[in-house]
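For the sequence shown, counting from 1, position 44 maps to 458 in the working numbering; every step adds exactly one.
Built from N, CA and C at the ideal position, the CB exists for glycine as well.
Structure record follows, encoded as C-alpha cells.
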Amino acid sequence: FKSIRDLIVGNFSNPKIISNELHSDGEIPFVNNSNLSSSIKDCILDVKSIKNYVDSDLISNKKLKRIKPYSILCSKIGTNLRPTLVEEEAGFVTSANILVLEIDQNIIIPKYFISQLYEDYVIKQLESIEVGTSQTFVRVEDLMDVKVKVPTISEQKYYIQGLNISSLLELVNEQESEY
Numbered sequence: 415f416k417s418i419r420d421l422i423v424g425n426f427s428n429p430k431i432i433s434n435e436l437h438s439d440g441e442i443p444f445v446n447n448s449n450l451s452s453s454i455k456d457c458i459l460d461v462k463s464i465k466n467y468v469d470s471d472l473i474s475n476k477k478l479k480r481i482k483p484y485s486i487l488c489s490k491i492g493t494n495l496r497p498t499l500v501e502e503e504a505g506f507v508t509s510a511n512i513l514v515l516e517i518d519q520n521i522i523i524p525k526y527f528i529s530q531l532y533e534d535y536v537i538k539q540l541e542s543i544e545v546g547t548s549q550t551f552v553r554v555e556d557l558m559d560v561k562v563k564v565p566t567i568s569e570q571k572y573y574i575q576g577l578n579i580s581s582l583l584e585l586v587n588e589q590e591s592e593y
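So, in C-alpha cells, the structure goes:
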C-alpha cells in the first residue's frame, strides 16, 4: 500500500471561474464536475461532453493551469471522487471544484489507480475522512493520505486487462438480452 501522495508528481486546483467568463464556444475547453465520469466503465474524459470554453487571456489573468495528458480529475465535492482520466493533449482547464492529480506512471498505471478508487477499501477510507454536513467533501490534505494497493506494473496491466474483459462480457450479455 502507498499513500496517494506517494503516487503523484503533482496536484492542483484552478481558481474559481465565474459564469460570465464561460462561453459556448471558444479557444480552451473548460471541464466542470458534470464532465466527470460516474463509473469505472466510462472513466475516460468524454471531450464531446464539454460545453463551456474560456478565452486564452483568462489563462494568464487568473493563472490557470492546463491539464496534462494522463492526469486524473477528481471531484472535490462529496465523497464520490468521480475519477476521470484525461488521455488527450488538449490543454483543458478545470473548475475550482476539481482536483487534478498528475500520476507518477513509473509507479502506477492511471487506469489501475482509478480502479482502486472504486474499491471498497478506498471508499471506506474516504467516508472516514469526509467533512461537512449538507454537502460533504474530502480535504485535499486528507485525500493525499488515503492508501492504495500498488502491485508491480505488470500485475497492474494484468488487472486492467481483466477489467476490460469483464466490461466486454457485460456489454455482450446486455446486447444478447435485448434480442
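Practice task
Taking all protein chains shown into account, decide if Lys-525 is buried (16 or more other Cβ within 10 angstroms of its Cβ) or exposed.
Solution key: buried
Give me the residue from Ser-453, Phe-426 and Pro-429 with the minimum Cα distance to Glu-533.
Ser-453
Whose C-beta lies closer than 8 Å to the C-beta of Phe-444 among residues of the same chain, with five residues either side of it excluded?
Ile-431, Leu-436, Ile-464, Asn-466, Tyr-467, Val-468, Phe-506, Val-507, Thr-508 and Ser-509
In the DSSP output, which residue or residues are listed as bridge partners for Ile-458? Leu-499
For Tyr-467, which residues does DSSP report across the bridge?
His-437 and Pro-443
| In terms of DSSP beta bridges, what is Ile-422 paired with? | Ile-517
Name the DSSP beta bridge partners of Val-564, please?
Val-564 pairs with nothing; no bridge assigned.
- Item | Nearest residue (CA-CA) to Ile-512, options Asp-471, Ile-486, Pro-565 and Val-560 | Ile-486
| query | Whose C-beta lies closer than 8 Å to the C-beta of Lys-476 among residues of the same chain, with five residues either side of it excluded? | reply | Asn-428, Pro-429 and Ile-431
Exercise for review: Mark Ser-433 as exposed unless 16 or more other C-beta atoms lie within 10 angstroms of its C-beta, in which case mark it buried.
Suggested key: exposed
With respect to the alpha helix (DSSP H) encompassing Ser-529, which residues constitute its N-terminal and C-terminal limits?
524-531
Worksheet item: Can you give the beta carbon distance from Ile-523 to Gln-570, rounded, assuming they're within the 8 Å contact cut?
Response: 5 Å
Any idea what DSSP makes of Leu-540, helix, strand or coil? helix
Legend entry - N-terminal and C-terminal residue of the alpha helix (DSSP H) that Leu-557 is part of: 554-557
| query | If you count every other CB in all the chains shown that lies within 10 Å of the CB of Pro-483, and 16 or more means buried, which is it? | reply | exposed
| field | Close beta carbons around Ser-438, own chain, < 8 Å, minus the five adjacent residues each side | value | Lys-465, Asn-466 and Tyr-467
**Study point:** Selected residue, minimal CA-CA separation from Ser-417, among Arg-480, Gly-492, Ser-451 and Leu-531
**Key:** Leu-531
Discussion item. Just to check my reading of the structure: Ile-521 and Val-564 have Cβ atoms closer than 8 Å, yes? What is that Cβ distance to the nearest angstrom?
Written reply: 7 Å
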